[in-house]
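Single-structure report; data block below.
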């Protein structure tokens, strides 16, 4: 009998969404538990005592925290429909790349911090943040190497890991009436944004754009000094 | 020995804990390798720049004409490529693998930054960094209790991923103890880790490649001196520049 799978999450968290996308890709059935981050459940606190954060995957009662660790776990516990290549070297190259996109201590590319800076600044500072973000994204443009997806002809682990970028950048562009990634400046990445977001197993798990924009507006308002 | 007869090469420094963990792994697997020394931060060889153009950092493993970067990825690559040699670095059960990867990432992301910062801070700021390191070690003490399954190591009876990741910092912990007047592996506070550290360093494959503490102390003092010089230059500059985002922590 298959063991029960539960995912503790927050609807607006990009880290939670990427886990949902991976579970959906693999066709794994799971129970989704929405956490109130201001009042975390006992289950969450017990399952992730170190970070007390979502996402946490609970499989057969055993908790796995940290989205990157969860993604690798999903890949190994459900090896059908692989998201990573079989060859050890190819597999080594995929996560090396993911470290460039994800918040890595040693990564100079830091798309996440520059994305946050772009979101939280105004005027001149925001323009500088946008330039920095675009420079970081240029590395990814190069890494696509003219392929449709980072994994090649079909989407794989790296696409799922990087997948927060198209969703959140498009939302921020909508919010600020701005364009960060377009045909003119980053053509391959622009195409990948579209291709990735239209994949059925991705589309089904994205939070509603309106709800996200309202959430972002709320966040921005809370950042205003009183 | 490789099927093509090609020697495996490891690009690194004598003092980097990230390089040390790879050296130990290769040693545990009995994989002979050629060590190519970089003299960072002063100079980077063309080989390093060609092999790791993105990050320009060590360690880099050269195998079969390919370059593999990032120590945690190299360790998993070694484990898979030489799976039939020696004990596995990662357990076979997916859940146990997830927990090992979790703690490895925790050490590199939560423990290492304040640990490194002990060298670049002084006074109250340094004390705060020490406090963060101690808190992380206490968390790992609990983690050890859950992982070791009665064995001497995080990996159980044999050295595993977390042992390599934390163990590569043990020599540097002695250095920090000297420079900051601490006792990071305090047997009164974290008895299991204190015992684990001794057991780890006694393993022959580890002992053979552990760096000399005296040499690490020199490197540590060099980093402190460079930091002080940079701070002095910055404060005496008539215009304060915005921090350089290309300088890594």
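Protein chains in written order, with the working numbering: chain A, 7 to 232; chain B, 119 to 367. We put the CB at the ideal spot given by N, CA and C, even for glycine.
When 7 Å is used as the limit between beta carbons, residue 88 of chain A is near no residue of chain B, the shortest such separation being about 14 Å. Beta-carbon to beta-carbon, residue 314 of chain B and residue 262 of chain B are separated by about 6 Å, close enough to satisfy the 8 Å threshold. The residue among B:258, B:259 and B:236 with its C-alpha nearest the C-alpha of residue 249 of chain B is B:236. For residue 186 of chain B, the secondary structure class from DSSP, reduced to helix, strand or coil, is strand.
Look at residue 221 of chain A here: in three-state DSSP terms it is helix. As DSSP reads the structure, residue 181 of chain B sits in a beta bridge with B:184. Per DSSP, reduced to three states, the secondary structure at residue 281 of chain B is helical. In its chain, beyond the 5 residues on either side, 24, 27, 202 and 208 have a beta carbon closer than 7 Å to the beta carbon of residue 169 of chain A. Excluding sequence positions up to five before and after residue 139 of chain B, its CB lies within less than 8 Å of the CB of 189, 193, 282, 283, 285 and 286, all in the same chain and listed in chain order.
Residue 259 of chain B and residue 305 of chain B have their C-alpha atoms spaced approximately 11 Å apart.
When rounded, the separation of the alpha-carbon atoms in residue 342 of chain B and residue 335 of chain B is 10 Å. For residue 70 of chain A, the C-beta contacts it makes with chain B under 8 Å involve 213, 216, 217 and 220, in order along the chain. Membership of residue 15 of chain A in any alpha helix (DSSP H) is not indicated; the residue belongs instead to the beta strand (DSSP E) covering 11 to 15. Put simply, the CB of residue 56 of chain A is near chain B, with a gap under 8 Å to one of its CB atoms.
For residue 156 of chain A, the secondary structure class from DSSP, reduced to helix, strand or coil, is coil. At a cut-off of 8 Å, the C-beta of residue 225 of chain B has no neighbouring C-beta in chain A. Here residue 210 of chain A is exposed, its C-beta having fewer than 16 other C-beta atoms within 10 Å.
When C-beta distances to chain B are compared with 7 Å, every residue of the stretch 10 to 27 of chain A stays at or above that value. Rounded to the nearest angstrom, the Cβ distance from residue 223 of chain A to residue 199 of chain A is 22 Å, too far for a contact under 8 Å.
Closer than 8 Å to the CB of residue 239 of chain B there is not a single CB belonging to chain A.
For residue 224 of chain B, the uninterrupted alpha helix (DSSP H) run begins and ends at 212 to 224, by DSSP. CA-CA distance, residue 129 of chain B to residue 177 of chain B, rounds to 6 Å.
The beta-carbon separation of residue 72 of chain A and residue 220 of chain B, rounded to 6 Å, stays under the 8 Å limit for a contact.
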